[in-house]
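To keep things clear, I will list the structure first and then write my remarks on it.
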Amino acid sequence: MRTPTLGFKLSQAALNTASPPISQAFLWATQYVPTPGRPLLDMSQGSPGYPPPKILLDTIATASANPRSCGYLPNAGDPLLREALANEMKTVYGKDIDVQTEDISLTAGCNMAFVAAIRSVTDAGDEVIVPAPWYFNHQMSLDMLDIKTIPLPTSPSDGFLPSPHVCGTLVTPKTKAIVLVTPNNPTGAVYPPSLIASFGMLAKQHGVVLIIDETYRDFVTTGVPHELFATSSLLSDDWSWRSHFIHLFSFSKSYCVPGHRLGAIVATPQVLVQIDKMLDNIQICPPRPVQHGLQPLLPALRPFIDETSQKLLRRHQLFRSLLPRPWRIGSQGAYYAFVRHPFKNIPSLDVSRRLAMEIGVITLPSTFFLPKFMEGLRDASEMDRWIRFSVANMDDENLQKVCQRLASCQDQFGWEVELE
Ligand SMILES: Cc1ncc(COP(=O)(O)O)c(C=O)c1O
């Protein structure tokens, strides 16, 4: 079909927003010819490589068949699921947290939670500080809303952990929010509670909001993800999370239901009143069947989540032990491993492209997670050596195959390999 000339103008904000990068990686993969012995191995999009528990599939099916599910719910979602989530958060953050049903709004996924939260605290022209490499949808959303993303560079030598001190130097009168993702996408880095506490105090000091996307919070295996919600915590005595913090969550990974689209925002009701306006216009209430299906099951599904989290931990250990040298893991955790490729002076985009096209392993290059032209990064060429592998997508057998193919491609590609 011939593309007709457009008789009207597209918005500058839309044109300034990058295209979704995962489709680019899938496009490379179309060049690969799989065989039964050498299937395509997809480690690109963070997607659970295992189904949800049967009991959850059953309750969602029952809820779908109920005519009641065809109607609207309040924008904030099912009050019973909001209550169940508030209780469930005690098992994640500790019994003494102060999060109530009224602090929670459900959304159609965490990306939507981010857009609604950020829109409620920023106007066009404002600035938001985000550690780089970052989750590309955050930057895309900020571009779409005409908000300037200020990169807070992180580096492999610091385990890709952001520095509150450096962050403080980036705050200007236009700064409205600091956005963190922990466990991180793309680096897998798990930010320690003390670091998160420092960011909480920094936000308080500068009168900006700290927004943390905790899509992967259930895969932290080292204790509570942070103490921002706790009534007695690492933070100062006068810390009150409702004054400085917005938490975002996704049900997609913990409960293996990304296609059902369910996320959550935890914020003070003063912010939720504004968020309600966003939701009313973007999507009136998240899909109902998944809400009704999950609501009675949250406590019962906790052992499933804990087992999954332990399985993922073992898979990361396996990946670390099988990865052929001189490929090297810089950080790993939850769903992702951030891996340094061994090819001298070759951009990560070229490596990821050939991995997909020639050896059938789909990954995402670090350039997809970095500012355009990597302005402001301490060492742009070093940052372009990294590739994100979504370890959660694979079972152990396929993970072995990936590592075998990585070993063999070093000769096949004919690029100079930099020894350690
Ligand atoms: C950090 C982060 N936030 C949000 C999302 C999207 O979550 P949802 O499926 O709930 O929209 C993802 C998905 O990969 C993610 O990695």
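Take 22 as the starting number for the sequence shown in the numbering used here and just add one per residue. Each residue gets a CB set at the ideal place from its N, CA and C atoms; glycine is no exception.
Problem set entry | Proximity of His313 and Asp79 at Cβ, strictly below 8 Å | By one-based count along the sequence shown, residue 313 stands at place 292. By one-based count along the sequence shown, residue 79 stands at place 58. Not closer than 8 Å, so no.
Problem set entry | Classification of Ser215 by the beta-carbon crowding that lies within 10 angstroms, buried from 16 upward | Here residue 215 refers to the residue found at position 194 when the sequence shown is read from its first residue. So Ser215 counts as exposed.
Problem set entry | Buried versus exposed call for Gln316 [16 or more other C-beta atoms within 10 Å across all chains shown] | In the sequence shown, counting from the first residue as 1, residue 316 sits at position 295. Buried, because 16 or more other Cβ atoms sit within 10 Å of the Cβ of Gln316.
For this session: Alpha carbon to alpha carbon, how far is Thr208 from Gln338? Give it in angstroms, no decimals.
Result: One-based indexing of the sequence shown puts residue 338 at position 317. One-based indexing of the sequence shown puts residue 208 at position 187. Going from the Cα of Gln338 to the Cα of Thr208 covers about 16 Å.
Problem set entry | Residues that DSSP places opposite Phe361 in a beta bridge | For the purposes of this step, residue 361 is taken as the residue at position 340 of the sequence shown. Here residue 361 is Arg; the residue named in the question, Phe, does not match the sequence. According to DSSP, Arg361 bridges with Arg349 and Trp407.
Exercise. Beta carbon of Val200: closer than 7 Å to some heavy atom of ligand 1?
Worked result: Here residue 200 refers to the residue found at position 179 of the sequence shown. Outside the cutoff, so no.
Exercise. Cβ of Gly70 within 7 Å of any heavy atom in ligand 1?
Worked result: Position 49 of the sequence shown, counted from the start, is the residue given in the question as residue 70. The answer is no for Gly70.
For this session: Using three-state DSSP, classify Pro41 as helix, strand or coil.
Result: In the sequence shown, counting from the first residue as 1, residue 41 sits at position 20. The three-state secondary structure of Pro41, taken from DSSP, is coil.
For this session: Tell me whether Asn87 counts as near ligand 1, meaning its Cβ is closer than 7 Å to at least one heavy atom of that ligand.
Result: Position 66 of the sequence shown, counting from 1, holds the residue named residue 87. Not so, every heavy atom of ligand 1 lies at least 7 Å from the Cβ.
Exercise. Across which residues does DSSP place Leu231 in a beta bridge pair?
Worked result: Taking the first residue of the sequence shown as 1, we reach residue 231 at position 210. Partner(s): Ile199 and Phe266.
Exercise. Can you pull the DSSP bridge partners for Val382?
Worked result: Translated into positions along the sequence shown, residue 382 becomes position 361. Paired residue(s): Leu62.
Exercise. What residues does ligand 1 have around it, judged by CB closer than 6 Å to any heavy atom, in chain order?
Worked result: Gly67, Gly130, Cys131, Asn132, Tyr156, Val202, Asn206, Asp234, Thr236, Ser271, Ser273, Pro279 and Gly284
Exercise. What's the gap between the Cα of Leu293 and the Cα of His268?
Worked result: On the sequence shown, residue 293 is found 272 positions in, with the first residue counted as 1. On the sequence shown, residue 268 is found 247 positions in, with the first residue counted as 1. Going from the Cα of Leu293 to the Cα of His268 covers about 12 Å.
Exercise. DSSP on Val241, reduced to helix/strand/coil?
Worked result: If you number the sequence shown from 1, residue 241 lands on position 220. Three-state DSSP puts Val241 in coil, outside helix and strand.
For this session: Return yes when at least one heavy atom of ligand 3 lies under 7 Å from the C-beta of Ile217, else no.
Result: No copy of ligand 3 appears in this structure; the ligands present are ligand 1.
Exercise. Going by alpha carbons, who is nearest to Arg349 out of Ala107, Glu248, Val245 and Ile408?
Worked result: In the sequence shown, the residue the question calls residue 349 occupies position 328. Checked all of Ala107, Glu248, Val245 and Ile408; the closest Cα to Arg349 is Ile408.
Exercise. If you compare alpha carbons, which of Asp63, Ala97, Pro57 and Leu94 is closest to Gly373?
Worked result: If you number the sequence shown from 1, residue 373 lands on position 352. Sequence check: residue 373 is Ser here, not Gly. Nearest of Asp63, Ala97, Pro57 and Leu94 to Ser373, Cα basis: Asp63.
For this session: Report yes if the C-beta distance between Ile286 and Ala198 is below 8 Å; otherwise report no.
Result: As a working note, residue 286 is residue 265 in the sequence shown. As a working note, residue 198 is residue 177 in the sequence shown. For Ile286 and Ala198, no; Cβs fall outside 8 Å.
Exercise. From Lys225 to Thr175, what distance separates their C-alpha atoms?
Worked result: What you label residue 225 is simply residue 204 of the sequence shown in a count that begins at 1. What you label residue 175 is simply residue 154 of the sequence shown in a count that begins at 1. Distance between the alpha carbons of Lys225 and Thr175 is about 22 Å.
Exercise. Taking DSSP as the reference, what is the three-state secondary structure of Val311?
Worked result: For the purposes of this step, residue 311 is taken as the residue at position 290 of the sequence shown. Of the three classes helix, strand and coil, the one that applies to Val311 here is helix, per DSSP.
For this session: Return the chain-ordered ranges of every alpha helix (DSSP H) run that is complete within the region 52-109 and spans a minimum of 4 residues.
Result: 75-86
Exercise. Three-state secondary structure (DSSP) at Lys116?
Worked result: Within the sequence shown, residue 116 is the residue found at index 95, counting from 1. If DSSP states are grouped into helix, strand and coil, Lys116 belongs with coil.
For this session: Have a look at Asp297, Cys430, Ser402 and Met415 and flag the residue whose alpha-carbon is nearest the alpha-carbon of Ala129.
Result: Translated into the one-based positions of the sequence shown, residue 129 becomes position 108. Ranking the options by Cα distance to Ala129, first place goes to Asp297.
For this session: Indicate the three-state DSSP secondary structure (helix, strand or coil) for Lys169 in the structure shown.
Result: Start at 1 with the first residue of the sequence shown, and residue 169 comes out as number 148. Strand.
Problem set entry | Residue nearest to Ser411 in terms of C-alpha spacing, selected from Leu48, Ala35 and Gly70 | In the sequence shown, counting from the first residue as 1, residue 411 sits at position 390. Considering only alpha carbons, the answer is Gly70.
For this session: Using a threshold of 8 Å, state whether the C-beta atoms of Val187 and Ile232 are closer than that.
Result: As a position in the sequence shown, residue 187 is number 166, starting the count at 1. As a position in the sequence shown, residue 232 is number 211, starting the count at 1. With a cutoff of 8 Å on beta-carbon distance, Val187 and Ile232 are scored as not near each other.
For this session: Identify which residue in Ile171, Phe270, Asn205 and Asn132 has its Cα closest to the Cα of Met110.
Result: The residue labelled residue 110 in the question sits at position 89 within the sequence shown. Of Ile171, Phe270, Asn205 and Asn132, the residue nearest in Cα terms is Phe270.
Exercise. Using the C-alpha atoms, what's the distance from Thr384 back to Ser330?
Worked result: Walking along the sequence shown from the start, residue 330 turns up at place 309. Walking along the sequence shown from the start, residue 384 turns up at place 363. Their Cα atoms are separated by approximately 22 Å.
Exercise. What's the gap between the Cα of Pro154 and the Cα of Ser65?
Worked result: Within the sequence shown, residue 154 is the residue found at index 133, counting from 1. Within the sequence shown, residue 65 is the residue found at index 44, counting from 1. Going from the Cα of Pro154 to the Cα of Ser65 covers about 16 Å.
For this session: Let me know if Glu148 comes out buried or exposed under the rule of 16 or more other beta-carbons within 10 Å of its beta-carbon.
Result: Along the sequence shown, one-based indexing puts residue 148 at 127. Label assigned to Glu148: buried.
Exercise. If you draw a straight line from the C-alpha of Pro213 to the C-alpha of Leu370, how long is it?
Worked result: Within the sequence shown, residue 213 is the residue found at index 192, counting from 1. Within the sequence shown, residue 370 is the residue found at index 349, counting from 1. Looking at the backbone, the Cα of Pro213 and that of Leu370 are separated by about 30 Å.
Problem set entry | Sequence-distant residues of the same chain with beta carbon closer than 7 Å to Glu123, five excluded per side | Along the sequence shown, read from residue 1 onward, the residue named residue 123 stands at position 102. Excluding positions up to five away in sequence, the list reads Pro290.
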